[in-house]
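> Just dropping this structure here.
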Amino acid sequence: MSPEAQSIAKNTTFLTTAYIFQKIFAFVYFTLVARFIGATDIGVYTFAISLTTIFSVFIDFGLSSVLTREAAKFKDKANAYLNNIISVKIILAVLSYLAVAIVINILGKSQVSQVMVYLAGLVMILDSFTLAFFAVFRAYQNLRYEAIGIAINQIVILIVGLTGIYLKFPLYILVLALLAGSTFNFLYSLILLKIKLHFNFKLLWDQPILKTLFKIALPFALAGIFVRVYSYIDQILLSTLIGDQVLGWYSVPYKITYAFQFVPAAFAAAIYPAMSDCFINNKEKLKIIFDKAMYLLIIISIPTAVGIACLADKIILSLYTAEFSPSILALQIFILAVIPIFLNYPAGSILNACDKQGRNTLNMGLTMILNVILNIILIPYYQHIGASIAAVISLTLLFILNLTQVPKITGFDYTYLLIKSGKAILSALIMATVIILLKMQYNFVILIIIGAIIYLGIMYLIKGFTKEDALFLWQAIFKKSVPGEEETLRT
Numbered sequence: 000m001s002p003e004a005q006s007i008a009k010n011t012t013f014l015t016t017a018y019i020f021q022k023i024f025a026f027v028y029f030t031l032v033a034r035f036i037g038a039t040d041i042g043v044y045t046f047a048i049s050l051t052t053i054f055s056v057f058i059d060f061g062l063s064s065v066l067t068r069e070a071a072k073f074k075d076k077a078n079a080y081l082n083n084i085i086s087v088k089i090i091l092a093v094l095s096y097l098a099v100a101i102v103i104n105i106l107g108k109s110q111v112s113q114v115m116v117y118l119a120g121l122v123m124i125l126d127s128f129t130l131a132f133f134a135v136f137r138a139y140q141n142l143r144y145e146a147i148g149i150a151i152n153q154i155v156i157l158i159v160g161l162t163g164i165y166l167k168f169p170l171y172i173l174v175l176a177l178l179a180g181s182t183f184n185f186l187y188s189l190i191l192l193k194i195k196l197h198f199n200f201k202l203l204w205d206q207p208i209l210k211t212l213f214k215i216a217l218p219f220a221l222a223g224i225f226v227r228v229y230s231y232i233d234q235i236l237l238s239t240l241i242g243d244q245v246l247g248w249y250s251v252p253y254k255i256t257y258a259f260q261f262v263p264a265a266f267a268a269a270i271y272p273a274m275s276d277c278f279i280n281n282k283e284k285l286k287i288i289f290d291k292a293m294y295l296l297i298i299i300s301i302p303t304a305v306g307i308a309c310l311a312d313k314i315i316l317s318l319y320t321a322e323f324s325p326s327i328l329a330l331q332i333f334i335l336a337v338i339p340i341f342l343n344y345p346a347g348s349i350l351n352a353c354d355k356q357g358r359n360t361l362n363m364g365l366t367m368i369l370n371v372i373l374n375i376i377l378i379p380y381y382q383h384i385g386a387s388i389a390a391v392i393s394l395t396l397l398f399i400l401n402l403t404q405v406p407k408i409t410g411f412d413y414t415y416l417l418i419k420s421g422k423a424i425l426s427a428l429i430m431a432t433v434i435i436l437l438k439m440q441y442n443f444v445i446l447i448i449i450g451a452i453i454y455l456g457i458m459y460l461i462k463g464f465t466k467e468d469a470l471f472l473w474q475a476i477f478k479k480s481v482p483g484e485e486e487t488l489r490t
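Heads up: the sequence shown runs through residues 0 to 490, numbered per numbering that gives the first Met the number 0.
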């Protein structure tokens, strides 16, 4: 591996480790908070975050992604790009905050909800500027500072939030904890830009530069809007149409399901550069990488979905108490979304890597439309269960739409994937049978360990998982490389 490739891999490992750390701590934090404050209050908190998260995309408008790309090409213009983007973001931040304030007042939410949304709006603004600051460091291939910022930000949130709850502060403390973490990250990234890169900050409005940046940013912005809407509109509708308690019940399966997202995300970060290179230099290698990525994520996602569906009652009642018992069925349904979530990462990555990002964005738009329609139809009748069904159907559609485009780029072995999927399903069903038989005798942690041993053992016996697969998985996630990648680059 070349020194440059080693540097990129090392930096990506730092960032991936930080994201894993953040996911784990965020999940633990959410679980503790939910236990302490109950379903209704966690619903109020979730609503505030969901609403502002949707509007946050209108502040960034894809400009941070463009900043990384363009600053990497023209480092002498990086400071000017950033200053122009900061100037635009100030205007967009004011407009977005006003839009949030108008929406929360139109919805007629409680005073507590309104105050939490106003505070969350400040978090939204700070995070958007921080995103732009770290985008510059990404252009310079330095992800270490961002990784440190992510870790410390999560620690600050954890300390402030849990301390506030322990001292019985008002519910606002949860958003103030986010604000404390975001303020740290904002100042930290701002100071680093000044000290490490010697950037100067001033308001700039260079129309040619801004016109170019916005033109490039439009596809990123559309993709961001589509993802935010289909990821969070269900929570807004649940809170508005049904109530915050039901949203609280829904937020638990939502958090549990997306807690696993770091696995395919880390995997995609490793295979994306190899896919980009192989698209130009080695189409046969591209097919192999895609097939292997799909297969490995299949054999991880299927037992995860099946196992958690079997243990949903034990997980909910053990971690969140009986108040969240209505979350059990929702979790059994929502966790099935793990499968399309995992498998869409290689499908989406190959489209983006092979100049088909426009099609990927279109598919996201279609997914958003379906998700909104399904939620509007199902939520009034089936509440959080309906939202769970809508999520699974929508995410499955996105995966299918992306997968149908793959043959236009490279062939992939349907038979190979079907056979491997069959072995994974068979092993998962045997695992599930054992878990159900032992369910009354052990807690869910012991059952997860037993289930994992049984699943892996059966997969090994029926040759559904080999030593080569284990090596590929290890190097992809932890070494940030794909076995054989250097040979491909030399071809």
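Ideal placement from N, C-alpha and C gives every residue a C-beta, glycine not left out.
Keep in mind the model is a prediction, meaning the values are calculated, not measured.
So, for P325: in the same chain, excluding its five sequence neighbours on each side, which residues have a beta-carbon less than 6 Å away from its beta-carbon?
W248
> Does W204 come out as helix, strand or coil in the three-state DSSP assignment?
coil
> Measure how close the beta-carbons of I435 and C309 come, nearest whole angstrom, since I'm counting them as under 8 Å.
Yes, they are in contact, since the Cβ atoms of I435 and C309 sit about 6 Å apart, within 8 Å.
> Here's the rule I'm using: 16 or more other beta-carbon atoms within 10 Å means buried, otherwise exposed. How should D243 be labelled?
D243 is buried by the Cβ-count criterion.
> Straight-line CA distance for I36 to A321?
For I36 and A321, the distance between alpha carbons rounds to 13 Å.
> Which residue wins for smallest C-alpha separation from I23, given the options I154, T366, V135?
Distance check between I23 and each of I154, T366, V135 places I154 closest, using alpha-carbon atoms only.
> By a C-beta neighbour count over all protein chains shown, 10 Å radius and 16 as the cutoff for buried, is N104 buried or exposed?
exposed
> Compare the beta carbon distance of L285 and F266 with 8 Å and say whether it is the shorter of the two.
Going by C-beta atoms, L285 is not nearer than 8 Å to F266.
> Tell me whether P325 sits in a helix, a strand or coil according to DSSP, three-state version.
coil
> Does A77 come within less than 8 Å of chain C when only Cβ atoms are used?
Checking the listed chains, one finds no chain C in this structure; it contains a single protein chain.
> Please classify T239: does DSSP put it in a helix, a strand, or coil?
helix
> In chain order, what residues of the same chain lie with their CB nearer than 7 Å to the CB of A92, ignoring the 5 residues before and after it?
So the list reads I58, I124, S127, once near-sequence residues are dropped.
> Going straight from the alpha carbon of L203 to that of Y187, what length do you get?
Straight across, the Cα-Cα distance linking L203 with Y187 is about 23 Å.
> Taking N359 as part of the alpha helix (DSSP H), name the residues at either end of that continuous run.
356-402
> Can you tell me which of L81, G410, I48, Q331 puts its alpha carbon nearest to the alpha carbon of I287?
G410
> On the CB-based measure, 16 or more other CB atoms within 10 Å of its CB, does I84 come out buried or exposed?
buried
> Got a sec? Which residues, its chain only, sit under 6 Å from A179 by beta carbon, not counting five neighbours each side?
Around A179: V155, V159.
> Applying the 10 Å Cβ sphere with the 16-neighbour rule, what's the burial state of Q382?
buried
> Check whether the segment 223-239 touches the segment 25-40, taking contact to mean three or more Cβ pairs, one atom from each stretch, closer than 8 Å.
no
> If you draw a straight line from the alpha carbon of A17 to that of L240, how long is it in whole angstroms?
One C-alpha to the other measures close to 37 Å.
> Taking contact to mean at least 3 C-beta pairs separated by less than 8 Å, is the segment 358-377 in contact with the segment 414-426?
no
> Evaluate M363 with the Cβ neighbour count: other Cβ atoms within 10 Å of its Cβ, from every protein chain shown; 16 or more gives buried, anything less gives exposed.
buried
> Between which two residues does the alpha helix (DSSP H) containing S300 stretch?
282-319
> Buried or exposed: E145, going by 16 or more other Cβ atoms within 10 Å of its Cβ?
Classification of E145: buried, given that the 10 Å Cβ count is 16 or more.
> Using only the alpha-carbon positions, how far apart do I408 and V56 sit?
30 Å
> If we ignore side chains and look at the alpha-carbon of each, how far apart do Y294 and Q113 end up?
46 Å
> Taking a contact to mean a Cβ-Cβ separation below 8 Å, would you say S493 touches V251 in this structure?
Residue 493 is absent from the model: the chain starts at 0 and stops at 490.
> When the distance is taken between beta carbons, is A98 closer than 8 Å to F54?
yes
> Starting from I434, trace the alpha helix (DSSP H) both ways and give me its first and last residue.
413-437
> For V358, which residues of its own chain have a beta-carbon under 7 Å away from its beta-carbon, when the five flanking residues on both sides are left out?
A small correction: the amino acid at residue 358 is Arg; Val does not occupy that position in the sequence shown. Around R358: L350, Q404.
> Heavy atom of the ligand SAH less than 7 Å from the Cβ of I90, yes or no?
Questions concerning the ligand SAH fall outside what the structure shown contains, since it holds no ligand whatsoever.
> Taking the alpha carbon of L396 as the point to measure from, which residue in K210, I448, L106, G347 has its own alpha carbon closest?
G347
> Check this for me: beta carbons of A216 and F60, under 8 Å apart or not?
yes
> Out of L177, N82, Y253, P169, state which residue places its alpha-carbon closest to the alpha-carbon of D40.
P169
> Would you mind working out which of L455, L81, N374 sits nearest K201, comparing C-alpha positions?
L81
> Where A70 and Y319 are concerned, what is the direct C-alpha to C-alpha distance, given to the nearest angstrom?
Cα to Cα, the separation comes out at about 46 Å.
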